[in-house]
Amino acid sequence: MSAASDIEIRPAGKDAAERLAALHALCFDEAWDASSIARLLAMPGAFALMALPSPADGDPDAPLPGFVLARAGGGEAEILTIGVSPAARGRGIGRRLLAAAAATALAAGADSLFLEVAEDNEEALRLYERFGFYLVGIRPAYYARGPLRIAARTLRCDLPPLMGAS
Ligand SMILES: CC(C)(COP(=O)(O)OP(=O)(O)OC[C@H]1O[C@@H](n2cnc3c(N)ncnc32)[C@H](O)[C@@H]1OP(=O)(O)O)[C@@H](O)C(=O)NCCC(=O)NCCS
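So this is what it looks like as structure tokens:
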């Protein structure tokens, strides 16, 4: 799998919903199916970005290394989900996806980017913290993890991000 420098980030439309769903299933216990993703993408202000190997091999069904789904509106934006395939993690793709989502949100008029993350998701928390997100709230018992209930942290990043744009 490529290093982040061999990746390009491109907008993903509803026609990519199956590929996004396949990657979502690799990244999360509760997978979102393609029709749910297509419905999300149809919401006002919603957008998706996908990481592709560069140069793209032209295969429209090739597995994606990473994706982010977000929504901008009312001067704010929210990351709805972000994931990098297990084989491609730790190479800067998540950071590049966040930077691209922040740039898209900024262009849509957002001055801040929000997200929710489980408080035990150490990789994601490190990524967000290093990117410039900071804590603005806690939702106790927000996620189910088997019999456990895990709190969500609500994080905010002011746009443009101080660190993430590089
Ligand atoms: C969170 C996730 C998107 C990170 O993607 P990634 O491409 O591996 O992240 P990057 O390589 O861009 O790493 C960026 C930063 O995150 C942190 N990080 C990433 N992987 C890490 C790991 N395994 N351990 C510790 N820190 C890690 C590091 O601080 C890293 O910055 P640094 O290399 O300058 O130290 C990926 O782990 C993932 O898809 N996880 C499953 C889905 C998920 O939890 N999504 C977030 C839901 S809120």
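Note that the sequence shown covers residues 138 to 303 in the numbering used here. Cβ atoms here follow ideal geometry from the backbone N, Cα and C, with glycine treated the same way.
Check                                                                                               : Outcome
Minimum length 3: unbroken beta strand (DSSP E) runs contained in the segment 142-179               : 144-149
Coil, strand or helix - residue 201 by DSSP                                                         : coil
Sufficient close CB pairs (3 or more, under 8 Å) joining the segment 189-199 to the segment 207-219 : no
C-beta atoms of residue 188 and residue 146 nearer than 8 Å                                         : yes
Through-space distance from residue 238 to residue 162, alpha-carbon basis                          : 21 Å
Delimiting residues of the beta strand (DSSP E) encompassing residue 299                            : Looking at the DSSP string, residue 299 is not in any beta strand (DSSP E), and its letter there is neither H nor E.
Alpha helix (DSSP H) segments (min. 4 residues) lying fully within the segment 246-284              : 259-268
Host beta strand (DSSP E) of residue 220 (start-end)                                                : 213-221
Delimiting residues of the beta strand (DSSP E) encompassing residue 237                            : Note, residue 237: premise wrong, no beta strand (DSSP E); alpha helix (DSSP H) at 230-244.
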